[in-house]
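K.L.:
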Amino acid sequence: MTGSDRHAWAEPGAFAVAEGVFRIPLPLPTDGLRAVNVYALAHDDGLALIDAGWALDVSQRVLVDSLATIGYELGDITRFLVTHAHRDHYTQAHAIRRELADAGRVDLPRIAVGWDERDSIRSIADRAENPSDARAYPQVALLRRAGDPWAADALESIDPEGLRAPDWADPDDWLRHGDRVVVGTRSLEVIATPGHTRGHVVFADDENGLLFAGDHVLPHITPSIGYEEVLAPSPLGSYLQSLDLVRSRPDAHLLPAHGPAGTAVHSRVDELLDHHSARLDASVAAVAAGAQTAREVAQRLRWTRRETPLGELDGFNQMMAVLETWAHLVVLVERGVLQAHSEGGVERFSIPTAAIGSQQVDRT
Ligand SMILES: [Zn+2]
Numbered sequence: 087m088t089g090s091d092r093h094a095w096a097e098p099g100a101f102a103v104a105e106g107v108f109r110i111p112l113p114l115p116t117d118g119l120r121a122v123n124v125y126a127l128a129h130d131d132g133l134a135l136i137d138a139g140w141a142l143d144v145s146q147r148v149l150v151d152s153l154a155t156i157g158y159e160l161g162d163i164t165r166f167l168v169t170h171a172h173r174d175h176y177t178q179a180h181a182i183r184r185e186l187a188d189a190g191r192v193d194l195p196r197i198a199v200g201w202d203e204r205d206s207i208r209s210i211a212d213r214a215e216n217p218s219d220a221r222a223y224p225q226v227a228l229l230r231r232a233g234d235p236w237a238a239d240a241l242e243s244i245d246p247e248g249l250r251a252p253d254w255a256d257p258d259d260w261l262r263h264g265d266r267v268v269v270g271t272r273s274l275e276v277i278a279t280p281g282h283t284r285g286h287v288v289f290a291d292d293e294n295g296l297l298f299a300g301d302h303v304l305p306h307i308t309p310s311i312g313y314e315e316v317l318a319p320s321p322l323g324s325y326l327q328s329l330d331l332v333r334s335r336p337d338a339h340l341l342p343a344h345g346p347a348g349t350a351v352h353s354r355v356d357e358l359l360d361h362h363s364a365r366l367d368a369s370v371a372a373v374a375a376g377a378q379t380a381r382e383v384a385q386r387l388r389w390t391r392r393e394t395p396l397g398e399l400d401g402f403n404q405m406m407a408v409l410e411t412w413a414h415l416v417v418l419v420e421r422g423v424l425q426a427h428s429e430g431g432v433e434r435f436s437i438p439t440a441a442i443g444s445q446q447v448d449r450t
């Protein structure tokens, strides 16, 4: 696959992926992800949008142009169903609604997101409202524990510019596992899939064999784990359970938030499970070879499809890599494969002595 084919999905437009369902890629300022897909579901009174995009002028312009190609405008949006509270999915819902309100509309679209996102949403809103507090990102403490004071310092020095409190207002509706959302003739089941974020949800349209998967299942890449405002105790543990949950449901066509639509969900979930199981094995091997902190383990692993060493990633991606490695180490502790202890505020991982003993016995 050439580079341009690989990114063809990010070209702007409104692409029919099922009867009355359109995939609309909206641009992102970050090179890595290129675009976020929002899905427009047509019904008698207008459109429901699954995910909303990042609140940026360019994103809204592309949305307006794309909706125009299928005969709609922003005022036709009746609701936003948001898979999780990352800014490339959530913030534009509030921005569009404010704009419609300013234009004098009374019937404003409702915004819904998973109940377990509320701590993160409120913490970000707080930080955006009080930038002078210079309250550190919650990940700063975790990065120090992970043995990465460099990334922690870098993160602490980031100016929270671009965070606008009104984009981080609460939604109108909090979605819970098992809720049913009726959109026209479709009935979407809300499935809680914590992992990528604590309150991530996917929307299953079983009758039509569709899964609006947000970032839970992506066709080309693995979703980041461990990067959210208020972190779960074991983000990867949650994520793996959520993959099992989706795997146990009927197979469907994948409608992801990043990447092309149409892959079979089950086969992609199997690949993701294999990927993490290989990463867990590699993490144990790194600890056995002497790495102790999450940072040190991340240095022994290779990153991205190109097998890049940690030190060659940019600062942001190094931080993501260390957080993700920490999440793998936590799962290994939960499984009893590794043990952890804290030393000077830094978490150090090792092979439990009992396990070393039994390995020695096995060898003799
Ligand atoms: Zn995303």
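The sequence shown begins at 87 in our numbering and counts up one residue at a time. Each residue gets a CB set at the ideal place from its N, CA and C atoms; glycine is no exception.
(1) If you drop the 5 nearest sequence neighbours on each side, which residues of the same chain put their C-beta closer than 6 Å to that of Pro342?
(2) Helix, strand or coil: how does DSSP classify Arg434 here?
(3) Just to check my reading of the structure: Val287 and Val276 have Cβ atoms closer than 8 Å, yes? What is that Cβ distance to the nearest angstrom?
(4) What three-state label does DSSP hand Thr155 in the structure shown?
(5) With DSSP collapsed to three states, give me the class of Ala372.
(6) Under 8 Å: do the segment 201-213 and the segment 373-390 share three or more Cβ pairs, one atom per stretch?
(7) Just how far apart, CA to CA, sit Tyr125 and Ala181?
(8) Output needed for Val316: all residues of its chain with C-beta closer than 8 Å, excluding positions within five of it in sequence on either side, in chain order.
(9) Would you list, in sequence order, the uninterrupted beta strand (DSSP E) runs of no fewer than 3 residues that lie entirely inside the segment 334-398?
(10) Going along the chain, which unbroken runs of the beta strand (DSSP E) with 3 or more residues stay wholly within the segment 136-215?
(11) From the DSSP output, in three-state form, read off His414 for me.
(12) Quick one: what's got a C-beta closer than 7 Å to Ser353's C-beta in the same chain, skipping five residues either side?
(13) Alpha carbon to alpha carbon, what distance is there between Val351 and Thr271?
(14) Based on Cα-Cα distance, which residue from Pro336, Ala426 and Glu242 lies nearest to Leu415?
(15) Check whether the segment 156-167 and the segment 175-195 touch, using three or more Cβ-Cβ pairs below 8 Å as the test.
(16) Taking a contact to mean a Cβ-Cβ separation below 7 Å, would you say Val408 touches Ala380 in this structure?
(17) Distance, Cα to Cα, Leu114 vs Ala440?
(18) Within 10 angstroms of its Cβ, does Glu433 collect 16 or more other Cβ (buried), or is it exposed?
(19) So, under 8 Å CB-CB, His170 and Gly200 are touching, yes? Tell me the CB distance rounded to an integer number of Å.
(20) Can you tell me where the beta strand (DSSP E) with Ala290 in it begins and where it stops?
(21) Could you check how far apart the C-beta atoms of Gly139 and Val122 are, in whole angstroms? I think they sit under 8 Å.
(22) Kindly give me the distance between the Cβ atoms of Leu322 and Ala413, rounded to whole angstroms, as I take these residues to be in contact under 8 Å.
(23) When every heavy atom of ligand 1 is checked, does at least one fall within less than 6 Å of the C-beta of His172?
(24) Across the segment 147-156 and the segment 94-102, are there enough close Cβ pairs to call them in contact, namely three or more that are closer than 8 Å?
(25) How far does the beta strand (DSSP E) with Ala426 in it reach, from first residue to last?
(26) Does any heavy atom of ligand 3 sit closer than 6 Å to the C-beta of Ala189?
(27) For Leu358, which of Glu429, Asp130, Leu399 and Ser310 has the nearest alpha-carbon?
(28) Is Asp259 helix, strand or coil by DSSP?
(29) Taking Gly248 as the reference, give the member of Ala227, Ala214, Leu133 and Asp259 with the closest Cα.
(30) Once the 5 residues before and after Asp291 are set aside, which same chain residues still bring their CB inside 7 Å of it?
(31) Which residue's Cα is closest to the Cα of His302: Asp193, Asp131 and Leu331?
(32) Can you check whether the CB of Ala347 is closer than 7 Å to the CB of Val103?
(33) According to the neighbour-count rule (16 or more other Cβ atoms, all chains shown, within 10 Å of its Cβ), is Ala189 buried or exposed?
(34) Since His129 sits in a beta bridge, which residues does DSSP pair it with?
(35) How many Å lie between Arg92 and Val383 at the Cα?
(36) How far does the alpha helix (DSSP H) with Ala227 in it extend, from its first residue to its last?
P.N.:
According to the structure data:
(1) To locate residue 342, count along the sequence shown from 1; it is residue 256. Here the set comprises Ala299, Leu304 and Pro305.
(2) Numbered from its first residue, the sequence shown carries residue 434 at position 348. Strand.
(3) Walking along the sequence shown from the start, residue 287 turns up at place 201. Walking along the sequence shown from the start, residue 276 turns up at place 190. Rounded, the Cβ-Cβ distance is 5 Å, consistent with contact.
(4) Position 69 of the sequence shown holds residue 155. Reduced to three states, the DSSP call for Thr155 is helix.
(5) If you number the sequence shown from 1, residue 372 lands on position 286. Helix at Ala372.
(6) No: fewer than three Cβ pairs fall under 8 Å.
(7) Here residue 125 refers to the residue found at position 39 when the sequence shown is read from its first residue. Here residue 181 refers to the residue found at position 95 when the sequence shown is read from its first residue. Distance from the CA atom of Tyr125 to the CA atom of Ala181, rounded to whole angstroms, is 18 Å.
(8) By 1-based counting over the sequence shown, the position of residue 316 is 230. Closer than 8 Å at Cβ, skipping near neighbours: Asp205, Ser206, Ser209, Pro224 and Arg284.
(9) For the segment 334-398, whole beta strand (DSSP E) runs of length 3 or above, ordered along the chain, are 339-342.
(10) As far as the segment 136-215 is concerned, its whole beta strand (DSSP E) runs of at least 3 residues are 163-167 and 196-200.
(11) Translated into the one-based positions of the sequence shown, residue 414 becomes position 328. Helix, per DSSP.
(12) Counting from 1 along the sequence shown, the entry for residue 353 is found at position 267. The beta carbon of Ser353 sits closer than 7 Å to no other beta carbon from its chain once the five residues preceding and following it are set aside.
(13) Looking up residue 271 in the sequence shown gives position 185. Looking up residue 351 in the sequence shown gives position 265. Spanning the two alpha carbons is a distance of roughly 23 Å.
(14) Residue mapping note: residue 415 aligns to position 329 of the sequence shown, counting from 1. A check of alpha carbon separations from Leu415 across Pro336, Ala426 and Glu242 identifies Ala426 as the nearest.
(15) Yes, the segment 156-167 touches the segment 175-195.
(16) The residue given as residue 408 occupies position 322 in the sequence shown. The residue given as residue 380 occupies position 294 in the sequence shown. The answer is yes: Cβ separation under 7 Å.
(17) What you label residue 114 is simply residue 28 of the sequence shown in a count that begins at 1. What you label residue 440 is simply residue 354 of the sequence shown in a count that begins at 1. Distance between the alpha carbons of Leu114 and Ala440: 49 Å.
(18) Taking the first residue of the sequence shown as 1, we reach residue 433 at position 347. Sixteen is the threshold: when 16 or more other Cβ atoms of the shown chains lie within 10 Å of the Cβ of Glu433, as they do, the residue is buried.
(19) For the purposes of this step, residue 170 is taken as residue 84 along the sequence shown, with counting starting at 1. For the purposes of this step, residue 200 is taken as residue 114 along the sequence shown, with counting starting at 1. The distance from the Cβ of His170 to that of Gly200 is about 7 Å, consistent with a contact at the 8 Å cut-off.
(20) Translated into positions along the sequence shown, residue 290 becomes position 204. That run of the beta strand (DSSP E) goes Val287 to Asp291.
(21) Locating residue 139 in the sequence shown gives position 53, counting from the first residue. Locating residue 122 in the sequence shown gives position 36, counting from the first residue. Yes, Gly139 and Val122 are in contact; Cβ-Cβ is about 6 Å, under 8 Å.
(22) Taking the first residue of the sequence shown as 1, we reach residue 322 at position 236. Taking the first residue of the sequence shown as 1, we reach residue 413 at position 327. The distance from the Cβ of Leu322 to that of Ala413 is about 4 Å, consistent with a contact at the 8 Å cut-off.
(23) What you label residue 172 is simply residue 86 of the sequence shown in a count that begins at 1. Yes; taking the cut-off as 6 Å, the Cβ of His172 has a heavy atom of ligand 1 nearer than that.
(24) Output reads yes: the segment 94-102 touches the segment 147-156.
(25) By 1-based counting over the sequence shown, the position of residue 426 is 340. Here the beta strand (DSSP E) through Ala426 covers Gln425 to Glu429.
(26) Absence of ligand 3 from the depicted structure is noted, with ligand 1 being the only ligands included.
(27) Here residue 358 corresponds to residue number 272 of the sequence shown, with the count starting at 1. Out of Glu429, Asp130, Leu399 and Ser310, Ser310 has the C-alpha closest to the C-alpha of Leu358.
(28) Position 173 of the sequence shown, counted from the first residue, corresponds to residue 259. Here Asp259 sits in strand by DSSP.
(29) In the sequence shown, residue 248 corresponds to position 162, counting from 1. Measuring from the Cα of Gly248, the nearest candidate turns out to be Ala214.
(30) As a working note, residue 291 is residue 205 in the sequence shown. Cβ neighbours of Asp291 within its own chain (closer than 7 Å, five residues either side excluded): Arg272 and Leu274.
(31) Taking the sequence shown and counting its residues from 1, the one referred to as residue 302 is at position 216. Minimum Cα distance to His302 is reached at Leu331.
(32) Indexing the sequence shown from 1 puts residue 103 at position 17. Indexing the sequence shown from 1 puts residue 347 at position 261. Using a Cβ distance threshold of 7 Å, Val103 and Ala347 count as a contacting pair.
(33) Here the question's residue 189 lines up with position 103 in the sequence shown. Label assigned to Ala189: exposed.
(34) Translated into the one-based positions of the sequence shown, residue 129 becomes position 43. His129 pairs with Gly132.
(35) As a position in the sequence shown, residue 92 is number 6, starting the count at 1. As a position in the sequence shown, residue 383 is number 297, starting the count at 1. Spanning the two alpha carbons is a distance of roughly 30 Å.
(36) Counted from its first residue, the sequence shown places residue 227 at position 141. Where Ala227 is concerned, the enclosing alpha helix (DSSP H) stretches over Gln225 to Arg231.
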